[in-house]
Amino acid sequence: MKLLTSVEMIFATMTDHGLFVAIGGFVVGIFCCLLPFRRRRAGADGAAVVDQNQQLVAALHNMPQGLCMFDGEQRIIVCNHKYAALYGLTPEMVTPGTRRRDMVERIVANGIRFADEAPESYLKERTEGVSTSVDKIHKLADGRIIAVARRPLAGGGWVATHEDITELKQREASFQLLFDNNPVPMWVYDRDTLRFLAVNQAAVEHYGYRREQFLTMSLPDLQSVAGDIGGTELRAMEDHVGATDWHAKADGGLIEVAVYSRRLRYAGAAAALVSVIDITERRVAERRIAHLAHHDMLTKLPNRAAFTERLDATIERAQGSGESFGLLFVDLDFFKEINDVFGHVVGDAFLCAASERLQRLAEDNFVARIGGDEFVIIAEGPQPLTASAVAERLIGMSSEQLELQGHKVEIGLSVGVALYPADGTDAKTLLANADTVLYRAKEDGRGRACFFDPQMDSKIQQSHALLRDLRQAVERDELLLYYQPQAVVDGEVIGFEALLRWRHETRGMISPAEFIPLAEESGLIDPIGEWVLREACREAASWPQPLSIAVNLSPVQFQQRDLPQLVHRVLLESGLAPSRLELEITEGVLLSDSARALSLLRRLKALGVQIALDDFGTGYSSLSYLQSFPFDKIKIDAKFVRNLGANPQSSTILRAVIALGHGLDMSVIAEGVETEEQYRFLAQQHCDQVQGYLIGRPLPVAHYDAAVGRAPYAEPGRALG
367 MKLLTSVEMI
377 FATMTDHGLF
387 VAIGGFVVGI
397 FCCLLPFRRR
407 RAGADGAAVV
417 DQNQQLVAAL
427 HNMPQGLCMF
437 DGEQRIIVCN
447 HKYAALYGLT
457 PEMVTPGTRR
467 RDMVERIVAN
477 GIRFADEAPE
487 SYLKERTEGV
497 STSVDKIHKL
507 ADGRIIAVAR
517 RPLAGGGWVA
527 THEDITELKQ
537 REASFQLLFD
547 NNPVPMWVYD
557 RDTLRFLAVN
567 QAAVEHYGYR
577 REQFLTMSLP
587 DLQSVAGDIG
597 GTELRAMEDH
607 VGATDWHAKA
617 DGGLIEVAVY
627 SRRLRYAGAA
637 AALVSVIDIT
647 ERRVAERRIA
657 HLAHHDMLTK
667 LPNRAAFTER
677 LDATIERAQG
687 SGESFGLLFV
697 DLDFFKEIND
707 VFGHVVGDAF
717 LCAASERLQR
727 LAEDNFVARI
737 GGDEFVIIAE
747 GPQPLTASAV
757 AERLIGMSSE
767 QLELQGHKVE
777 IGLSVGVALY
787 PADGTDAKTL
797 LANADTVLYR
807 AKEDGRGRAC
817 FFDPQMDSKI
827 QQSHALLRDL
837 RQAVERDELL
847 LYYQPQAVVD
857 GEVIGFEALL
867 RWRHETRGMI
877 SPAEFIPLAE
887 ESGLIDPIGE
897 WVLREACREA
907 ASWPQPLSIA
917 VNLSPVQFQQ
927 RDLPQLVHRV
937 LLESGLAPSR
947 LELEITEGVL
957 LSDSARALSL
967 LRRLKALGVQ
977 IALDDFGTGY
987 SSLSYLQSFP
997 FDKIKIDAKF
1007 VRNLGANPQS
1017 STILRAVIAL
1027 GHGLDMSVIA
1037 EGVETEEQYR
1047 FLAQQHCDQV
1057 QGYLIGRPLP
1067 VAHYDAAVGR
1077 APYAEPGRAL
1087 G
């Protein structure tokens, strides 16, 4: 850690004076030992002695410290060049035999004086104190700082070293300032006793202890809770880089910290410099992110990722123990209807309430939400008893009723159960089999639980296969539009309804009644519906005759908040005049008469498109719908037309609806017109428009080239295709 590396220099420099004293003492010791030895050798070999003297003199003059030696009469014996340079003296002024007083007077004359000692005091003849060692730091008047180490010699006199430590002291002061004012909490502690030796202001403020209190504490005082919450051991942390630990603050709060520690010497002791970064909030955020990654934001249940991990772990554990477990796939039966009728707010509240009950009824078993209204439960224990017991409790929820934002809704659910290892030994097989049997439960009437049966009929599996193929139908260009003409009662075609068809690559044409419910249940209706809208508008814009084009909107599509933007964008891209587009919606969109649904309709109407109420008479047929929004057209459901002649009430209903539409200034179109009798009755009742096999069957648009103006126009007639 760069910060720690630079700051630790503070404490390394704080002991440099002691190092200097040791060096000076070492040099003094050499002189004390060598001087008498060299005197004894003076007569032995003159040439060798001269050579050794020259070597010793060269060493003295190249010392980094100034050195001077005085005899008992305070006369210079030896003085090196460094000493002379420190005090502005020439070599002649420090020759052997020069009195100390003369040398000092010359120093004072050069304008150099000790700021911490009067000149007259320093100039005094000093006979006292030469028999003892002295280590002292002098501050010169010119700002320099000189460290002096003096050692006595046998027979009187002394040897002393002088070193300019001004730069060292400046570095020490700036480093100390960096430590004291560093925004990162830092301290130094004794590695033997673990007691704090120094602490900076940031640590004082962050931990809440007074500085005096901090310096009476030791490392275990901060780490006292570490063992309880998984922290590091109570020990010296030597050379840690980012190790994490838990510390206690003065107010008792716990913080998690990243510790950066480096060993050093401090005031002669084996110490460590430590800086810490509080990562408590970061850890909380990390744990929050990890929680969100494995939990559903709406219901707070574990999500698909968490379920996958749990299922894999359960299978691995079961393989080792030989035990069994049950996988329950749960689907809320009425969620789609609740969402369509009451909107997403009520739908979300319903999901939350249902998930709470699922958790409670599942007891200690694992519950996860893996899709919109899909939940899974891993039931561990003796099988199939445990899974059966959980499933029975869940099915009991079907009798419950919830009141959500003023609406009463029922909780209905279906359950599919697969057992490990009988119904699968891997996660993919188990989940697929539970999902398959869930569809069986729904087809058998919902509100029930079914266990997987390997001999079960293939209808459900075919449904799954069909759904898989439907996901790729758009990419494979297998979807297409057929067009059924709409005409006024005199037979003139005024428009077409676009009807979705699917030509499967191996199964051929598949009925919309078979695949559209699958698309709505799976959510595929959104991309498919957008494709239908784009393709129908593009086709209609190419017709020479400005006929209208009707496109059905699923209640699921109508829940899209950006539906008006989508319609507007498609109109601009295709170039189709808005007045030629007719959007057909069912009563399910408006069952709750919600402000949101009406707002979407008004925004669509503002684009200039036509809005038709489709399948009128098959649902609640509330007249309040017609009051709430001015529809352009009412479409009478085909079953009333088919029942003409067979059911007298059908003719009464048809008369009433036609009269109601005209009274509200809305045009009325009847679907399912297949016979002349039906046509004549509708004409007599002044029904505005008709649609059905008598007028024309749903066919590719090429069959109606004449009607759209691509070929010579045919005479108006009722049987066009």
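So the sequence shown is numbered by the numbering used here: it starts at 367 and just counts up by one. Quick reminder that beta carbons are idealized off the backbone N, C-alpha and C, glycines included.
Taking the beta carbon of E682 as the centre, do at least 16 other beta carbons fall within 10 Å, making it buried, or is it exposed?
Your numbering for residue 682 matches position 316 in the sequence shown. Flag for E682 reads exposed.
For the 8 Å Cβ check, are there 3 or more pairs between the region 528-539 and the region 615-623?
no
Which residues in the same chain as R670 place their Cβ atom closer than 6 Å to its Cβ, once the five residues preceding and following it in sequence are excluded?
In the sequence shown, counting from the first residue as 1, residue 670 sits at position 304. I736.
Taking the C-alpha atoms as reference points, what is the distance between H661 and R969?
Position 295 of the sequence shown, counted from the start, is the residue given in the question as residue 661. Position 603 of the sequence shown, counted from the start, is the residue given in the question as residue 969. Answer to the nearest angstrom: the Cα atoms are 36 Å apart.
At a cut of 8 Å, does the region 771-781 reach the region 698-712 through at least three beta carbon pairs?
yes
Which listed residue (D981, G941 and E529) has its alpha carbon closest to that of Q431:
For this step, residue 431 is matched to residue 65 along the sequence shown. Of the listed residues, the one whose Cα sits closest to Q431 is E529.
Three-state secondary structure (DSSP) at S1017?
Numbered from 1 along the sequence shown, position 651 holds the residue referred to as residue 1017. Helix at S1017.
In chain order, what residues of the same chain have a beta carbon less than 8 Å from the beta carbon of I503, not counting five sequence neighbours either side?
Numbered from its first residue, the sequence shown carries residue 503 at position 137. Closer than 8 Å at the Cβ level, and outside the excluded window around I503, lie H383, I511, I512, A513, V514 and I531.
Looking only at its chain, what residues have a beta carbon closer than 6 Å to the beta carbon of D644, apart from the 5 residues adjacent to it on each side?
For this step, residue 644 is matched to residue 278 along the sequence shown. The answer, listed in chain order, is I621 and V623.
Check whether the region 420-434 touches the region 442-453, taking contact to mean three or more Cβ pairs, one atom from each stretch, closer than 8 Å.
yes
From G747 to A831, what does the alpha carbon distance come to, in whole angstroms?
The count along the sequence shown starts at 1 and reaches residue 747 at position 381. The count along the sequence shown starts at 1 and reaches residue 831 at position 465. Cα-Cα distance, rounded: 33 Å.
Among the residues of its own chain, which have a CB less than 7 Å from the CB of L581, if the five just before and after it don't count?
Taking the first residue of the sequence shown as 1, we reach residue 581 at position 215. The residues are F562 and V565.
Along the chain, where does the beta strand (DSSP E) containing I655 start, and where does it finish?
On the sequence shown, position 289 is the one that residue 655 refers to. Where I655 is concerned, there is no enclosing beta strand (DSSP E), although the alpha helix (DSSP H) it sits in stretches over T646 to H660.
When we look at the beta-carbon of S888 and count the other beta-carbons within 10 Å, is it buried (16 or more) or exposed?
Mapped onto the sequence shown, residue 888 falls at position 522. Counting Cβ neighbours within 10 Å, S888 comes out exposed, since fewer than 16 surround it.
Would you list the one or two residues that DSSP bridges to Q767?
Taking the sequence shown and counting its residues from 1, the one referred to as residue 767 is at position 401. Per DSSP, E776.
Can you name the residues that DSSP bridges to T527?
For the purposes of this step, residue 527 is taken as the residue at position 161 of the sequence shown. According to DSSP, which records beta bridges pairwise, T527 is partnered with L433 and A515.
Nearest CA to the CA of Q828: which residue from V570, R806 and E841?
Taking the first residue of the sequence shown as position 1, residue 828 is located at position 462. Cα-wise, what sits closest to Q828 is R806.
Under 8 Å between the Cβ atoms of I744 and F818?
Reading the sequence shown from its first residue, position 378 is the one you call residue 744. Reading the sequence shown from its first residue, position 452 is the one you call residue 818. No, these two residues do not count as a Cβ contact at 8 Å.
Given this structure, state the Cα-to-Cα distance separating D730 from L664, to the nearest angstrom.
For the purposes of this step, residue 730 is taken as the residue at position 364 of the sequence shown. For the purposes of this step, residue 664 is taken as the residue at position 298 of the sequence shown. Spanning the two alpha carbons is a distance of roughly 21 Å.
Straight-line gap, R873 to D835 (C-alpha atoms, nearest Å):
Working through the sequence shown from its first residue, we reach residue 873 at position 507. Working through the sequence shown from its first residue, we reach residue 835 at position 469. Cα to Cα, R873 sits roughly 11 Å from D835.
Check I1061 in the structure and name its three-state DSSP category.
Looking up residue 1061 in the sequence shown gives position 695. I1061 falls in the coil class under three-state DSSP.
So, under 8 Å CB-CB, R946 and S914 are touching, yes? Tell me the CB distance rounded to an integer number of Å.
Taking the first residue of the sequence shown as 1, we reach residue 946 at position 580. Taking the first residue of the sequence shown as 1, we reach residue 914 at position 548. Yes, R946 and S914 are in contact; Cβ-Cβ is about 5 Å, under 8 Å.
Among the residues of its own chain, which have a CB less than 8 Å from the CB of L727, if the five just before and after it don't count?
For the purposes of this step, residue 727 is identified with residue 361 of the sequence shown, where counting begins at 1. V756, R759, L760, G762 and M763, listed in sequence order.
Could you check what DSSP says for H504 in three-state terms: helix, strand or coil?
Along the sequence shown, read from residue 1 onward, the residue named residue 504 stands at position 138. Looking at H504 - three-state DSSP - the assignment turns out to be strand.
Beta strand (DSSP E) containing S914: first to last residue?
By one-based count along the sequence shown, residue 914 stands at place 548. Its beta strand (DSSP E) spans residues S914 to N918.
Euclidean distance between Cα positions of A963 and L770
The sequence position of residue 963 within the sequence shown is 597, counting from 1. The sequence position of residue 770 within the sequence shown is 404, counting from 1. C-alpha separation (whole angstroms): 19 Å.
Using 8 Å as the Cβ pair cut-off and three pairs as the minimum, do the region 1054-1071 and the region 841-860 touch?
yes
For A1077, which residues from the same chain have a beta carbon less than 8 Å from its beta carbon, with the 5 sequence-adjacent residues on both sides left out?
Mapped onto the sequence shown, residue 1077 falls at position 711. Counting only Cβ-Cβ distances below 8 Å, and skipping sequence neighbours, we find D1071.
What whole-angstrom Cβ distance do A916 and E948 have, given they're in contact under 8 Å?
Within the sequence shown, residue 916 is the residue found at index 550, counting from 1. Within the sequence shown, residue 948 is the residue found at index 582, counting from 1. With 8 Å as the limit, A916 and E948 qualify as a contact, their Cβ atoms being about 4 Å apart.
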